[in-house]
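Respectively, the protein sequence lines represent chains X and U. Heads up, the final residue of the first sequence is numbered 135 in our numbering, and it's a clean run with no missing numbers. Heads up, the final residue of the second sequence is numbered 135 in our numbering, and it's a clean run with no missing numbers.
Number of protein chains: 2
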Amino acid sequence: MFKQSLEKIVSNTADAIGAILMGYDGIGIESFRNPDNDTDMTLMGIEYSNTVKEIRNTAEILQNGELEEVSIKTDRYYVIIRHLTAEYFAALVLKRSGNFGQGRYQLLKESYGLREALLG
Amino acid sequence: MFKQSLEKIVSNTADAIGAILMGYDGIGIESFRNPDNDTDMTLMGIEYSNTVKEIRNTAEILQNGELEEVSIKTDRYYVIIRHLTAEYFAALVLKRSGNFGQGRYQLLKESYGLREALLG
Numbered sequence: 016m017f018k019q020s021l022e023k024i025v026s027n028t029a030d031a032i033g034a035i036l037m038g039y040d041g042i043g044i045e046s047f048r049n050p051d052n053d054t055d056m057t058l059m060g061i062e063y064s065n066t067v068k069e070i071r072n073t074a075e076i077l078q079n080g081e082l083e084e085v086s087i088k089t090d091r092y093y094v095i096i097r098h099l100t101a102e103y104f105a106a107l108v109l110k111r112s113g114n115f116g117q118g119r120y121q122l123l124k125e126s127y128g129l130r131e132a133l134l135g
Numbered sequence: 016m017f018k019q020s021l022e023k024i025v026s027n028t029a030d031a032i033g034a035i036l037m038g039y040d041g042i043g044i045e046s047f048r049n050p051d052n053d054t055d056m057t058l059m060g061i062e063y064s065n066t067v068k069e070i071r072n073t074a075e076i077l078q079n080g081e082l083e084e085v086s087i088k089t090d091r092y093y094v095i096i097r098h099l100t101a102e103y104f105a106a107l108v109l110k111r112s113g114n115f116g117q118g119r120y121q122l123l124k125e126s127y128g129l130r131e132a133l134l135g
């Protein structure tokens with residue numbers, strides 16, 4: 016189920032590179048990569064899991080409420096990270112030519128099913 | 016000049032709480048807070064400066080290119096962070112009722128002048 020969800024997010028987003036479902040402990044559960052691309056989604060997930068952990072801690076310290084989403088824009092990529100449960104998050108990586116709004120929406124849309132499956 | 020820029024960003028964004036200009040070393044240069052609000056912008060800036068530093072390092076490790084923008088959405092706030100120079104960034108904090116797209120745009124618009132003034 017996880018793989019299909021990730022594939023749906025990637026296929027429905029223009030210029031998406033890949034998507035990953037991952038634990039905040041850096042352990043990847045599932046990933047889907049656009050076959051056109053050789054980006055190492057697992058490595059990316061591990062690196063960003065630390066970042067998201069840090070952001071969660073910061074939000075907690077500042078009593079900013081629970082983390083929902085983080086977007087990172089570099090001159091090469093968009094990375095959109097969606098908090099799912101206390102232990103898991105999903106991330107989508109797009110080329111800069113990709114559609115950021117579409118990516119956010121697709122990730123959000125699939126996040127409900129992913130969350131349910133993780134908790135269920 | 017810095018204060019006016021920050022004030023412009025906050026005044027032109029619906030439900031903005033405040034904006035800050037800050038070094039990646041956590042030292043605040045200038046801030047402007049919506050008078051309706053008592054959020055501690057400096058504390059927020061210090062905490063998020065660590066986060067942004069971490070994200071920059073991650074992007075570097077992954078050769079993801081230079082960091083441009085980070086957005087964080089919690090169930091209470093939006094935080095939009097714009098990279099300015101090797102040493103400085105600007106951040107805008109909005110209520111969740113605020114207009115995220117408008118905030119991103121206002122921050123981007125003022126970032127050119129801020130960057131020039133910082134480098135100049």
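Ideal Cβ positions, reconstructed from N, Cα and C, are used throughout, including at glycine.
query: X:R91 - DSSP class collapsed to helix/strand/coil; result: coil
query: Assumed close pair X:L109, X:A31 - CB separation to whole angstroms, cut-off 8 Å; result: 5 Å
query: C-alpha gap between X:R130 and X:Q121, whole angstroms; result: 14 Å
query: In chain order, each beta strand (DSSP E) run of at least 3 residues that lies wholly inside the segment 24 to 108 of chain U; result: 31 to 38, 43 to 48, 82 to 89, 92 to 98
query: Short-range partners of chain X found in the segment 77 to 89 of chain U, where Cβ spacing is below 7 Å; result: L77, N79, G80, E81, L82, E83, E84, V85, S86, I87, K88, T89
query: Beta-carbon proximity check, X:T73 vs U:I70, cutoff 8 Å; result: no
query: Residues that X:A101 contacts on chain U, provided the C-beta gap is smaller than 8 Å; result: The premise fails here: X:A101 is roughly 14 Å from chain U at the closest Cβ pair, so nothing lies under 8 Å.
query: Cβ neighbour criterion (16 or more within 10 Å) applied to X:T89; result: buried
query: Given X:G113 as reference, the closest of X:T28, X:E22, X:K18, X:L21 once Cα atoms are compared; result: X:T28
query: Residue interval of the alpha helix (DSSP H) (run including X:G113); result: First-last for X:G113: undefined, no H or E at that position.
query: Length of the line joining the Cα atoms of X:E84 and U:R119; result: 15 Å
query: Chain U contact for X:M59 (CB, 8 Å cutoff); result: yes
query: is_contact[U:R48, chain X] using C-beta, thresh 8 Å; result: no
query: Sequence-distant residues of its chain with Cβ nearer than 8 Å to X:K68 (five each side left out); result: Y39
query: Whole-angstrom distance between X:H98 and X:G43, CA atom to CA atom; result: 14 Å
query: Amino acids of chain X, ordered along the chain, whose beta-carbon sits closer than 8 Å to that of U:Y63; result: T73
query: Pair within 8 Å by beta-carbon distance, U:G33 and U:F47; result: yes
query: CB of U:I35 within 8 Å of CB of U:G60, strictly; result: yes
query: CB contact check: U:I42 to chain X, cutoff 8 Å; result: no
query: Residues near X:E125 by beta carbon distance below 7 Å, same chain, minus five either side; result: S20, K23, I24
query: Pair within 8 Å by beta-carbon distance, X:N79 and U:R91; result: yes
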